[in-house]
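Numbering (the UniProt record's numbering), first residue to last: 1 to 189.
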């Protein structure tokens, strides 16, 4: 809370999750092993990639000059590490700039086929709800992550009264999908 008192709300909240199919992990596994058999390899590769990501954000200023930052590493149920990263920028991001760096839509397969593959393999929520009531995100018949988000389709990102952005999620007719998790193109690639 000291950071929030001193600098206000963070400008960026980034979740960085270890991918057990990263080539750096798979290349070090013996035949028949999975990443869950070698937590030492998984943790080491994750830490190296996290350092690269932090350098990308802090030293290379991909989102702008950084005032301060912090992160916390946690382990998921499958034993994979992930980091929650808070970043405060010197120049605050405006809603107009958010759509330039964050997306919650499936990219065009012809414009960027690699990004399309990564998003469709890793950034789609579900199926849950009526399609899968046994999904881990379900509680009392509803998705705890509030997907799908048909009621929250907007053509441009806006900032709500609470200060949190409502990310651009266009209707399917306008090229959008309501089950895409928000992502940052440069980081996802």
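The beta-carbon is built from N, C-alpha and C at its ideal position, and this holds for glycine as well. Keep in mind it's a predicted model, so treat the numbers as computed, not measured.
With burial defined as no fewer than 16 other Cβ atoms inside 10 Å of the residue's Cβ, what is the status of residue i: buried or exposed?
i: residue 13; result: exposed
i: residue 42; result: buried
i: residue 136; result: exposed
i: residue 4; result: exposed
i: residue 103; result: buried
i: residue 35; result: buried
i: residue 105; result: buried
Compute the Euclidean distance between the alpha carbons of residue i and residue j, then round it to the nearest angstrom.
i: residue 58; j: residue 1; result: 21 Å
i: residue 178; j: residue 76; result: Interpretation of residue 178 is limited by its pLDDT of 49, a score under 50 that renders its predicted location unreliable; no figure is taken from the coordinates.
i: residue 90; j: residue 53; result: 19 Å
i: residue 79; j: residue 39; result: 8 Å
i: residue 32; j: residue 66; result: 43 Å
i: residue 143; j: residue 129; result: 6 Å
i: residue 8; j: residue 112; result: 36 Å
i: residue 28; j: residue 37; result: 11 Å
i: residue 120; j: residue 110; result: 14 Å
i: residue 6; j: residue 69; result: 12 Å
i: residue 18; j: residue 26; result: 13 Å
i: residue 167; j: residue 97; result: 11 Å
i: residue 48; j: residue 124; result: 26 Å
i: residue 203; j: residue 50; result: Beyond the ends of the chain as shown, which are 1 and 189, falls residue 203; an answer cannot be given.
i: residue 122; j: residue 145; result: 16 Å
i: residue 118; j: residue 30; result: 26 Å
Taking Cβ to Cβ, would you say residue i is nearer than 8 Å to residue j?
i: residue 74; j: residue 45; result: no
i: residue 88; j: residue 165; result: no
i: residue 93; j: residue 71; result: no
i: residue 156; j: residue 99; result: yes
i: residue 16; j: residue 61; result: no
i: residue 63; j: residue 101; result: yes
Give me the Cβ distance between residue i and residue j, rounded to the nearest whole Å; I'm assuming they're in contact under 8 Å.
i: residue 107; j: residue 116; result: 5 Å
i: residue 95; j: residue 159; result: 5 Å
i: residue 141; j: residue 132; result: Rounded, the Cβ-Cβ distance is 12 Å, inconsistent with contact.
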